[in-house]
Every structure is written in C-alpha cells, then in structure tokens.
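Q:
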Amino acid sequence: MRALDKKLLRDVMRLRGVVLAIALVLVGGVSTFIMSLSTYDSLLLTQAKYYRDYRFAQVFASLKRAPETLARRIVHIQGVDKVETRVVAAVNLDIPGFGDPASGQLVSVPDRGEPVFNGVYLRRGRMVDPASDDEVVISESFANAHGFELGDTLSATINGRRKELTIVGIVLSPEYIYEIQPGAVFPDYQRFGILWMARAPLAAAYDMEGAFNDIALSLTANANVDDVVDRLDEFLRPYGGRGAYGREDQLSHKFLAEEFNQLETMATVFPMIFLGVAAFLLNVVIGRLINTERDQIAILKAFGYTNAEIGWHYTKLALMIVAIGLVGGVVVGIFLGKGMSAVYQDFYRFPFLQYELKPSVVINAALVAVAAGLAGTLFSVARAVRLPPAEGMRPETPTEYRATLVERVGLQRWFAQPTRMIMRHIERRPLRALLTVLGIASACGVVMVSNFQEDAIHYMIDVQYGMSSREDLSVSFVEPTSARALHSLQGLTGVAHVEGFRSVPVRLHFEHRSFRTALQGIEPGGDLHRVLDKDLKRIKLPAAGVVMTDYLAKILGMRTGDWVTVEVLEDSEPVLRAAGFARPKTFQFADVLAASQPALRVPLVATTKQYLGVSAYLQRNALNRLLEEGNVINGAYIATDSRYQSEVYTRLKEMPRVSGTVVREAAIAQFNQTMEQTILFFTMVSATLGAVIAFGVVYNSARIALSERGRELASLRVLGFTVGEIAYILLGELAVLTLMALPLGFMFGRALCAYMVSQFASDLYRIPLILEPDAYSFATVVILVSAIISGYLVWRRLCRLDLIAVLKTRE
Amino acid sequence: MFTTEVNGVVFQARGLTKVYDMGEVQVHALRGVDIDLYSGELLVLLGPSGSGKSTLLNILGGLDHATAGHVIYRDRELTAASDSELTEYRRYHVGFVFQFYNLIPSLTARENVAAVTEIARDAMVPEEALALVGLGERIDHFPAQLSGGEQQRVAIARAIAKRPSVLLCDEPTGALDSTTGIVVLEVLERVNRELGTTTALITHNADIAAMADRVMRLADGSIVDVHRNIEKKPARELRW
Ligand SMILES: Nc1ncnc2c1ncn2[C@@H]1O[C@H](COP(=O)(O)OP(=O)(O)OP(=O)(O)O)[C@@H](O)[C@H]1O
Ligand SMILES: [Mg+2]
Numbered sequence: 002m003r004a005l006d007k008k009l010l011r012d013v014m015r016l017r018g019v020v021l022a023i024a025l026v027l028v029g030g031v032s033t034f035i036m037s038l039s040t041y042d043s044l045l046l047t048q049a050k051y052y053r054d055y056r057f058a059q060v061f062a063s064l065k066r067a068p069e070t071l072a073r074r075i076v077h078i079q080g081v082d083k084v085e086t087r088v089v090a091a092v093n094l095d096i097p098g099f100g101d102p103a104s105g106q107l108v109s110v111p112d113r114g115e116p117v118f119n120g121v122y123l124r125r126g127r128m129v130d131p132a133s134d135d136e137v138v139i140s141e142s143f144a145n146a147h148g149f150e151l152g153d154t155l156s157a158t159i160n161g162r163r164k165e166l167t168i169v170g171i172v173l174s175p176e177y178i179y180e181i182q183p184g185a186v187f188p189d190y191q192r193f194g195i196l197w198m199a200r201a202p203l204a205a206a207y208d209m210e211g212a213f214n215d216i217a218l219s220l221t222a223n224a225n226v227d228d229v230v231d232r233l234d235e236f237l238r239p240y241g242g243r244g245a246y247g248r249e250d251q252l253s254h255k256f257l258a259e260e261f262n263q264l265e266t267m268a269t270v271f272p273m274i275f276l277g278v279a280a281f282l283l284n285v286v287i288g289r290l291i292n293t294e295r296d297q298i299a300i301l302k303a304f305g306y307t308n309a310e311i312g313w314h315y316t317k318l319a320l321m322i323v324a325i326g327l328v329g330g331v332v333v334g335i336f337l338g339k340g341m342s343a344v345y346q347d348f349y350r351f352p353f354l355q356y357e358l359k360p361s362v363v364i365n366a367a368l369v370a371v372a373a374g375l376a377g378t379l380f381s382v383a384r385a386v387r388l389p390p391a392e393g394m395r396p397e398t399p400t401e402y403r404a405t406l407v408e409r410v411g412l413q414r415w416f417a418q419p420t421r422m423i424m425r426h427i428e429r430r431p432l433r434a435l436l437t438v439l440g441i442a443s444a445c446g447v448v449m450v451s452n453f454q455e456d457a458i459h460y461m462i463d464v465q466y467g468m469s470s471r472e473d474l475s476v477s478f479v480e481p482t483s484a485r486a487l488h489s490l491q492g493l494t495g496v497a498h499v500e501g502f503r504s505v506p507v508r509l510h511f512e513h514r515s516f517r518t519a520l521q522g523i524e525p526g527g528d529l530h531r532v533l534d535k536d537l538k539r540i541k542l543p544a545a546g547v548v549m550t551d552y553l554a555k556i557l558g559m560r561t562g563d564w565v566t567v568e569v570l571e572d573s574e575p576v577l578r579a580a581g582f583a584r585p586k587t588f589q590f591a592d593v594l595a596a597s598q599p600a601l602r603v604p605l606v607a608t609t610k611q612y613l614g615v616s617a618y619l620q621r622n623a624l625n626r627l628l629e630e631g632n633v634i635n636g637a638y639i640a641t642d643s644r645y646q647s648e649v650y651t652r653l654k655e656m657p658r659v660s661g662t663v664v665r666e667a668a669i670a671q672f673n674q675t676m677e678q679t680i681l682f683f684t685m686v687s688a689t690l691g692a693v694i695a696f697g698v699v700y701n702s703a704r705i706a707l708s709e710r711g712r713e714l715a716s717l718r719v720l721g722f723t724v725g726e727i728a729y730i731l732l733g734e735l736a737v738l739t740l741m742a743l744p745l746g747f748m749f750g751r752a753l754c755a756y757m758v759s760q761f762a763s764d765l766y767r768i769p770l771i772l773e774p775d776a777y778s779f780a781t782v783v784i785l786v787s788a789i790i791s792g793y794l795v796w797r798r799l800c801r802l803d804l805i806a807v808l809k810t811r812e
Numbered sequence: 005m006f007t008t009e010v011n012g013v014v015f016q017a018r019g020l021t022k023v024y025d026m027g028e029v030q031v032h033a034l035r036g037v038d039i040d041l042y043s044g045e046l047l048v049l050l051g052p053s054g055s056g057k058s059t060l061l062n063i064l065g066g067l068d069h070a071t072a073g074h075v076i077y078r079d080r081e082l083t084a085a086s087d088s089e090l091t092e093y094r095r096y097h098v099g100f101v102f103q104f105y106n107l108i109p110s111l112t113a114r115e116n117v118a119a120v121t122e123i124a125r126d127a128m129v130p131e132e133a134l135a136l137v138g139l140g141e142r143i144d145h146f147p148a149q150l151s152g153g154e155q156q157r158v159a160i161a162r163a164i165a166k167r168p169s170v171l172l173c174d175e176p177t178g179a180l181d182s183t184t185g186i187v188v189l190e191v192l193e194r195v196n197r198e199l200g201t202t203t204a205l206i207t208h209n210a211d212i213a214a215m216a217d218r219v220m221r222l223a224d225g226s227i228v229d230v231h232r233n234i235e236k237k238p239a240r241e242l243r244w
C-alpha cells in the first residue's frame, strides 16, 4: 500500500470521533430520505397492487332504483369495459354492549361467484352463503373496534325491521380502506361499519328484486372518465341517480389519496430539508477538517506532490466519510422504512405490503452526499494548495491583528484574558464562526420542523371543535324532513339545544373548475355551528349568497362577488312528499340539468377560515328556497346534557328517521388518532433524526475546533493554564456560537414550518402555522443538550491532551 | 577541490527581494540578494536570527515566491515558473530538510521516506536512506515516538532518498548534540561528494562553516560576506 494511503487510513482512525460525527449527520439525512421515499413508494405500489388484485372499480354511482336491464345498456357507453350492479343500504345497527348510536352500510355480494369489482380479501372465516338471509361478513376495522369474533351477532334495522345478523367472515376491501360515514370528516370504526350480505335477501328487503341501486364500472384503456360519468348520469337521472363519480371522488380513495398526498409532502419535503442540511454540514465540516490538514498539504506539496494528487488524496478521505454515512444511512433508512411501511400497512389495513426501495432513491441520496462532500473537500484543498508551501507550513496566522469590537469600545478591562481570547478568535475568523453558527442554526431548524405539527394539530382541534363545530352530536335523517322534526328531538330528555340543518350534495362549478362537496344550510344565528372569518371571529351568514372555506374558493379560483354554479346531486322528489310541499310543475331539476344550462347560480359573499374539510355554507332558508322546497331539514346539531348522554343515544337509535349520528368527542378522538398515526409518528422519527443531526453538528464544531487549536491550547497548558482555563477558552467560544445560533435557528425553523404548511394544504385539512413556545424550547433543549454532551466529550480529550506530543511534532 | 566553478552554475539569483506585507508594517526579509550556486558545491549560509536565511532557501527551493528579482535554476527561471512547473521541479530536483522537520505525524519513519520515494525517479529504498542516517532500528516508529534529533535524521533521509540534484537544509543540526550532529553532517557530506549533490546548508554554528566550499553571511536581508574555504575540513573532524 502506498504511504499516502496508509496515512489516509491512520488519519481516519485518528479522527474517528470527527469522522463518525460527520457520518452521523449524513446518516440522519440519508436515512430520512430513504425511509420516507421508500415508505411512500411502497405504499403507492401496495395500493396499486391491492386495487388491481381486488379489482377496484373506476366509476361509481348510486341511485334510487333501476331495473337490471338498464345495466345491459350502460355497458354500451363508449369507454365502459365492465359493469356490475349491487344493492346497497344504510342501516342502523345495534351492537351488544355498545350504547352509542352506530350505523352501517349493507353491501350485496353476488349470488354466484366472485364480484366483478371491489373484491374482498378474506381475513378470517368464510364468505356468506348466497342463500342465507342472516349472514354477513364485516370489515376488519369495524370488527376490531368491537372485538367481534366469527359467530358473533349484531342486529340491524333493515327497512324498518330489526334483524339478527351472524358474522361469518372478516374481510378487507379496497373500496373501504377508509370507512367514512357520509357527512363525517373522519372514519369512526366504532360507529360506522361496512357489512356484506347475500344479494337475494337484501334485494328482497328493499324491494330490489331484478333491480339495483348501486353500480360500478371499469373503463377501457383510453376512456375519458368525465365523459363516462356524464353519460352515466344521463342514463341514471330518470332513476334517481345521485351523480356518478370517478375514483377521485370515491370517499375511501379520496381520503387515502389525500393522506398519500400528505405523506408525499412529508416524504419529499422533510428528507429534502434533512438531506440539504446534512449536505451543507458535510460540506462545512469536511472543509474544516481539510483545513486542519493545511500544513500536511504544504509538506506534500514541498516534496513535489501535484495538486491533483493531493486533491485526490483528500477526496478519498471525504469519500470514505461519505461512504460510511451513506451505508449507515441506507441501512438505517431501510430498517426504518420497513418499520414505517409496516405501521402504515397496519393503519391502512392493506392485506399485504410490497416494500420497495427504488435504486434511484439511493442513487439520488448518494449523489447529493458525494457532491456535498466533494465540494467541501475540493474547495478547502484548492484553498490550501494555492498557498506557497513555505507559507502553508507555518500555522495559519491571521494576517490582520486587531482589537476586538469590545476592546475598541474600551470594555476590555471587564474581561479576563481568556475571555478576550474567545472574542478575538471569533472576530478574527468571522467566516468560520458564521458557518458554525449557520450549521447549528440549521440543525435547530430541522428539530423545530419535525416537532411543530403537534402544536398545530391541537390548535386545529381547538378551532374546529371549540369554536366552530360546538355541537355534541350531529344527526342526519334518512330523508329530508320538515323542520317540525326538531320538536321531537328537542323534547328528548338530556337534549339541551337543537339546531336543524339542511345539507345537500352538490357539484360546484366556476369557470372550468368544479368540486364535489356539500352545501350546508345552517341557522344564521345558530350557536352550535358557526362560521368563522380569518381572525376566527364569527361571520353572520348573509340572507343570500354562499360562504365558502377559503381553501375551496382557492380551488375553484373564485373571489368574493363571483357567482358559483351549483349542480345539485340529490333527487329531491321525496323532499316534497315528506314535507308536504309541492314544487311548481313547470320547473324540474332534471330538465335544467339535461339542458346542461347553469343550474343554479349563487354569489360568493365571504370566505371562512376552516382547517378541517371543505364546505360551502348558506342560510338554511336560502338553501330551502334555492332547492324550491319548504321549511326542510335533513339533520340537526344537538347539544346534550352530559349526564343524559346515553339516554339520548338510546332514544336516537329508536328513531327510524335518524340514519346516522356523529359524536363530537368521538370525532375529536378519531381526528387525533388519524393524525397520530400518520403525521405524528412520522415527525417523531424525524425529530429523532433531527436531534442526531443537531448533535453531529455541535460535536463536530467542538472537535474540529480542538484539532485546529490543540497546539495553541497545549502551549497554554505548558505555560501553566489549568484544564479548566483552556476548556473555558475552547468551549466558551462554542457556547457563544451556540447561543448566537439559537435565534437564527428559530427563524430558520419558522421559515421551514411555513414552507411545510404551504405544502401540506389539502381538502382534508390545512395545518395552521402555529409554533407554541414548547416547539422553541424543545429545539433549544436538543441543541443545548447536544452542546453539553459535546462539551463534555471534548473536555475529556482536553484532560488527556498530550502536551509533549503536541509540542514535539508539527501537526 | 576547485572544480565547482568549472562545473557551472546551478542557481543564479539576481536582485532577490522578499517583502512580507503585514498591513501596517512591511518586513523586508530579503533586500536584493545576488548569489550563484555552483554545481556540486557545499555552501553554508550563516547569519543572525531573522536575517532571511530560511526565506532565501525557500525561494531557491520553489517553496515561496519572491517579491522581486530572478532565480534561474540551470536553464529555467523559477521566478517565472508556473505552479505545476514548480511542483515538477521540487519533485525531481530538490531535497528539503526543514528547520522544523515537518514529518507527517501519521506515518512512520519508513513511510515518511516512502511518501517521497514513491513519486520520485530512481530513488533509494526507504531502508537504505534511513540506514544512511543511522536510523536502521527505529524505522517503524512514528514521529511522536522519536526524539528531535531522530526526527531530523528521518527528515534528512527523506530529503536524500530521491537522490536530488540540489539539497537544501535549514538548520539540520540545530536540535542535535555534537556527536549526532556530526553523524548527520557526514551523511550530507557523503551525499554531496558521492552523488555530486549541490548542497546549501543553513546553520547558526560557525564551526560547521569549516566543512563548506564557500561560506555566505546574511544580515538583515543582505549578503554581507562570501568567502571560499581554502581548505575544507571533513565533517568528522569538526568539534563544537
Ligand atoms: N510569513 C511571514 N510573514 C511575515 N514575516 C515573516 C514571515 N516569514 C518570515 N518573516 C520575517 O522575515 C524575516 C526573515 O525570516 P527568516 O525566517 O528568513 O529568518 P531566518 O534567517 O531563517 O531566521 P532563523 O535563524 O531564526 O530561522 C524575519 O524578520 C521574519 O520575522
Ligand atoms: Mg530560519
């Protein structure tokens, strides 16, 4: 082996502390990168495979009732590949030992064979016997939420009649990865479940023999989803179609897609920041390391080594460090990625997981790391070889001596000599001090960004459930009903206050953009459900016009004063009957829609700040008028007296018209759980890695400062300074720089958080930029603890400083 | 032994000036030095501390740039050479012994020598060079495990191992007792005699001047005296 290569190996061994600390920073960056991207890629791949293997449909529609023969005509729609009809029914459930109201969705399984679409994965038990009318298979999340076992029973109110159902199987379905009750924002597995039942008995119970009320399609290779949806709508309109939709609008898929979007943000932005910071630190730290080798570079040069040979020598050193960091980062990243993918697999209940680490991910991480390492190395080597060897061989002496600011101002008599040394040293090498400060500051920022969401989430809950949705319960009715129904709710023991609402599924159009959501007609002076402006002050709903979530207005590209076109996706015939109002015969929704004229136009009068969900509000009367119906509601917000809560539940369950109940507390719990499992787990891991990076930076700064100044400090020791005194000189400087870095780190962290927040915005929620003092104090603690540990490790080295060796050889 | 002038000039320096610019003060390390070095001669440079001896040697060795003036080595002008030409010059023509040894701390004695022989042409093996300076035993020791004199001898072995045509030594015996010093000087003398290596040697020790072909005195950046030794004393006979 060549002498220089031996030198390289020995240098790596000698500098192992520094080498490992630098590699550690890189491990932090690379492992976050690998973990996040591989988790994201694995989830996407798994989802795609799940959808394919279990034949997730591409277009969905529900309707009131249509004869089976219609399906045979629908197949001929241009672009449609296959069609399958089903019978689906919303039912109230009575679960033994569970007091809260619960509801479910009964989905038919074909009499013969596997379903064409939306197959289920049988976890346990068996599928239902097509001939049996009391067997169901249920979704695993619902089963787990109640601890259901095979053979257990529950009762459902099917078309007004109570029926005992026996669980024969527990399944997973790509169609209901998320089971979200219509009207709810988040899944609640205790209060809402999906049940599959044989088609014949279900059809019999709902008068659907030879008919269907739900249809799913698959498309040919180059079909246009929107065209098919439009054509399907035309077919289904006479049969009470509720608006067909593609996968994007399928509830479970949409929710999953949103979550994946969030994940993608986390999986790209986070590691980018981490890797970027790690790369920057690598650059700075390797640069400083090379700088301490200045005199050796001069010696090599003096003996006729060329600049290229010297550059290559140190490049190998940098590459070794980078290699250690990369290998470590990839190994840790794969380990964490597999762990995290498993957590998400569990969370999303994928029947299997396909772990995928794309080579390109590793290559990108390697490229970034190598580039950063080389840039730092070559820059420093270039600087070192520019000096004539005679100059390089003497210790790096600053050309310009000057009194520090403090001394010039005349404060020096307040400081002892060591303190003056600290100040002079910092002032004399402002660039180095600045880089150290920047390094520590970026580590501080990384810790903040991985920690801030918890605060934000608490704030979201506060705003959403403390100020906006203040009701304890919200109930929805099977069908729109006269507002008189409120009296019976108001009359229940334990009900303190009731406010009715009218909610209607719509597609909102503005210019070429559209969005599927619900128009919420609420009481303008309502106390339970409030609409807030951007300062979180209550907005009084105007008599005419609609108020939208600011995010929705942005999606649609609307400004206040613009008119939104409302396409109602509800067949409103029953409303009239139920409420006893007649609609003018001359005007039919269907006609308007068929003529594809702007159906209804409403002005946007204000936007509202809302972190969860996307909605459009107007006064209930206004909505009633818009729909040309009477004083109609289809749900109510209820405030209860907590002492009578269970009684209220029991009574609600007995009310046949009440189809679903959302309990606020449960919603908050659900929200928290969702957040915890998706975001917080991720940020927890990131925070740890952020802390690792922070430690690496601080420790490196201390260690390299030690090698830069070892000779000077040893000389001081020889002159009679104590270890404490020289430690004060070295560590005092580090302390000053660390303290200077903190405010800068806070600013950097805040900017990063703001960027994250902007990247996170989605239909599901927008995270506000909220940084509570604890986010700052957490980052501070991480940095300070890193500094103290580093200081301690360096202190130990100072105690062992070999005075003779340092003075005898020129290092 | 008056062959040197016949053999021609190796170095020719004219008006060599070096000024260190320290901001407010300027240090004139060399003030227009004219000097010729002849092939195969052994030149001793004497002078008080700070007189510019090291500076002169560094410039001759291509380690530093002159502020003004010219240095011509054989047929090339060092003061006009590019960085890579200087590198090549140092690599194949010059051997250095530094005032502060400047060994590479993470390499053993043998490896410190090997680091130089590996890139040279027609070099000795490191063991041979180390044996020449009487360091056969301690060949696998690191610099920190060697005494100052031993480190200096490693430095000399490193300088002569590539059989350079010029050997520039900055106080090679400064840290040594007289016995060891004489051993080192004998090595230099032998290299000078047997390999015909032109040698320039800085010392504070006037006694050493007796072994030189010529002696040059510097004071405050200028040459104040040059004289030729009528009779060269062998290193072995030196005493101090
Ligand atoms: N890099 C430098 N920057 C500023 N001044 C320098 C530098 N190197 C040398 N000097 C100054 O130049 C002058 C000559 O220095 P040089 O090292 O050549 O002296 P020297 O004759 O070798 O002394 P010594 O016998 O003590 O080694 C001295 O005054 C020294 O202080
Ligand atoms: Mg000198």
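Sequence lines, in order, name chains S and L.
When you number the first sequence by the working numbering, it's gap-free, plus one each residue, and the end is 812.
When you number the second sequence by the working numbering, it's gap-free, plus one each residue, and the end is 244.
The C-beta atom is built at its ideal place from N, Cα and C for all residues, glycine as well.
Please name the residue, chosen from S:457, S:689 and S:5, that lies closest to residue 310 (chain S) on a Cα-to-Cα basis.
A: What you label residue 310 (chain S) is simply residue 309 of the first sequence in a count that begins at 1. The shortest C-alpha separation from residue 310 (chain S) is found at S:5.
Q: Within a Cβ cutoff of 7 Å, which residues of the same chain sit near residue 254 (chain S), ignoring the five residues on either side of it in sequence?
A: Position 253 of the first sequence holds residue 254 (chain S). So the list reads 248, once near-sequence residues are dropped.
Q: Identify the residues that DSSP records as bridge partners of residue 504 (chain S): which are they?
A: Position 503 of the first sequence, counting from 1, holds the residue named residue 504 (chain S). According to DSSP, which records beta bridges pairwise, residue 504 (chain S) is partnered with S:521.
Q: Residues bridged to residue 42 (chain L) by DSSP?
A: As a position in the second sequence, residue 42 (chain L) is number 38, starting the count at 1. Answer is L:13, bridged to residue 42 (chain L).
Q: From residue 1 (chain S) to residue 633 (chain S), what distance separates their C-alpha atoms?
A: Nothing can be reported for residue 1 (chain S): it is not among the residues displayed for chain S, which extend from 2 to 812.
Q: Got a sec: is the Cβ-Cβ distance from residue 37 (chain L) to anything in chain S below 8 Å?
A: The sequence position of residue 37 (chain L) within the second sequence is 33, counting from 1. It does not; no Cβ of chain S falls within 8 Å.
Q: Within the same chain, show all residues whose beta-carbon is closer than 7 Å to that of residue 737 (chain S), passing over the 5 residues directly before and after it, in chain order.
A: Translated into positions along the first sequence, residue 737 (chain S) becomes position 736. Correct list, in chain order: 423 and 427.
Q: Counting only the same chain and skipping the five closest in sequence on each side, list residues whose C-beta sits under 7 Å from that of residue 380 (chain S).
A: In the first sequence, counting from the first residue as 1, residue 380 (chain S) sits at position 379. Answer for residue 380 (chain S): 288, listed in chain order.
Q: For residue 121 (chain L), is the classification buried or exposed, using 16 other Cβ atoms within 10 angstroms of its Cβ as the cut-off for buried?
A: Stepping through the second sequence from its first residue, residue 121 (chain L) is reached at position 117. Looking at its Cβ environment, which holds 16 or more other Cβ atoms inside 10 Å, residue 121 (chain L) is buried.
Q: Alpha carbon to alpha carbon, how far is residue 210 (chain L) from residue 126 (chain L)?
A: The residue given as residue 210 (chain L) occupies position 206 in the second sequence. The residue given as residue 126 (chain L) occupies position 122 in the second sequence. Taking the straight line joining both Cα atoms gives about 35 Å.
Q: At a cut-off of 7 Å, would you count residue 58 (chain L) as near ligand 4, judging by its Cβ distance to the nearest heavy atom?
A: As far as ligands go, the structure on display features ligand 1 and ligand 2 and does not contain ligand 4.
Q: Apart from the five residues just before and just after residue 394 (chain S), which ones in its own chain have a Cβ nearer than 6 Å to its Cβ?
A: Taking the first sequence and counting its residues from 1, one reaches residue 394 (chain S) at position 393. If we look at residue 394 (chain S) and ignore the five residues flanking it on each side, its Cβ neighbours are 296 and 299.
Q: For residue 623 (chain S) and residue 544 (chain S), I'd like the C-alpha separation in whole angstroms.
A: In the first sequence, the residue the question calls residue 623 (chain S) occupies position 622. In the first sequence, the residue the question calls residue 544 (chain S) occupies position 543. Looking at the two C-alpha atoms, the distance is approximately 7 Å.
Q: From the DSSP output, which residues share a beta bridge with residue 83 (chain S)?
A: Walking along the first sequence from the start, residue 83 (chain S) turns up at place 82. Note: residue 83 (chain S) sits in a beta bridge opposite S:219.
Q: Applying the 10 Å Cβ sphere with the 16-neighbour rule, what's the burial state of residue 52 (chain L)?
A: Against the second sequence, residue 52 (chain L) aligns to sequence position 48. So residue 52 (chain L) ends up on the exposed side.
Q: Closer than 8 Å, CB to CB, is residue 389 (chain S) near chain L or not?
A: Within the first sequence, the letter at position 388 stands for residue 389 (chain S). It does; some Cβ of chain L falls within 8 Å.
Q: Report whether the distance from the Cβ of residue 156 (chain L) to the nearest heavy atom of ligand 2 is below 7 Å.
A: Looking up residue 156 (chain L) in the second sequence gives position 152. Not so, every heavy atom of ligand 2 lies at least 7 Å from the Cβ.
Q: Determine, using beta carbons only, whether residue 385 (chain S) comes closer than 8 Å to chain L.
A: Position 384 of the first sequence, counted from the first residue, corresponds to residue 385 (chain S). Residue 385 (chain S) does not count as touching chain L.
Q: For the segment 66-77 of chain S against the segment 108-124 of chain S, are there 3 or more C-beta pairs whose distance is under 8 Å?
A: Verdict: no, contact absent.
Q: Counting only beta-carbon atoms, is residue 274 (chain L) nearer than 8 Å to chain S?
A: Beyond the ends of chain L as shown, which are 5 and 244, falls residue 274 (chain L); an answer cannot be given.
Q: With distances taken between CB atoms, is the gap from residue 149 (chain S) to residue 168 (chain S) smaller than 8 Å?
A: What you label residue 149 (chain S) is simply residue 148 of the first sequence in a count that begins at 1. What you label residue 168 (chain S) is simply residue 167 of the first sequence in a count that begins at 1. Yes.
Q: Please state the DSSP three-state secondary structure of residue 402 (chain S).
A: Taking the first sequence and counting its residues from 1, the one referred to as residue 402 (chain S) is at position 401. The predicted position of residue 402 (chain S) is uncertain, since its pLDDT is 49 and thus under 50; no value can be drawn from it.
Q: Going straight from the alpha carbon of residue 549 (chain S) to that of residue 450 (chain S), what length do you get?
A: Counting from one through the first sequence, the residue named residue 549 (chain S) turns up at place 548. Counting from one through the first sequence, the residue named residue 450 (chain S) turns up at place 449. Their backbone Cα atoms lie some 30 Å apart in a straight line.
Q: Measuring straight from C-alpha to C-alpha, what distance separates residue 179 (chain L) and residue 689 (chain S)?
A: Translated into positions along the second sequence, residue 179 (chain L) becomes position 175. Translated into positions along the first sequence, residue 689 (chain S) becomes position 688. When rounded, the distance between both Cα atoms is 54 Å.
Q: When the Cα of residue 177 (chain L) is compared with those of L:66, L:104 and L:124, which residue comes out closest?
A: The residue given as residue 177 (chain L) occupies position 173 in the second sequence. Measuring from the Cα of residue 177 (chain L), the nearest candidate turns out to be L:104.
Q: Roughly how many whole angstroms lie between the Cα atoms of residue 637 (chain S) and residue 233 (chain S)?
A: Here the question's residue 637 (chain S) lines up with position 636 in the first sequence. Here the question's residue 233 (chain S) lines up with position 232 in the first sequence. So the alpha carbons of these two residues sit roughly 33 Å apart.
Q: Opposite residue 251 (chain S) in the DSSP bridges: which residues?
A: The residue labelled residue 251 (chain S) in the question sits at position 250 within the first sequence. Paired residues: none, contrary to the question.
Q: Does the separation of the CB atoms of residue 223 (chain L) and residue 55 (chain L) fall below 8 Å?
A: Against the second sequence, residue 223 (chain L) aligns to sequence position 219. Against the second sequence, residue 55 (chain L) aligns to sequence position 51. Against a cut-off of 8 Å, the Cβ pair of residue 55 (chain L) and residue 223 (chain L) comes out as a contact.
Q: Who are the near neighbours of residue 567 (chain S) in its chain, counting only those whose CB is closer than 7 Å to its CB and skipping five residues on each side?
A: For the purposes of this step, residue 567 (chain S) is taken as residue 566 along the first sequence, with counting starting at 1. Contacts found: 507, 509, 520, 600, 601 and 603.
Q: Kindly indicate the opening and closing residues of the alpha helix (DSSP H) around residue 316 (chain S).
A: Here the question's residue 316 (chain S) lines up with position 315 in the first sequence. Note, residue 316 (chain S): alpha helix (DSSP H), 308-349.
Q: Run through the segment 85-149 of chain L for me and flag every whole beta strand (DSSP E) of 3 or more residues, listed as ranges in chain order.
A: Whole beta strand (DSSP E) segments, 3+ residues: 98-101.
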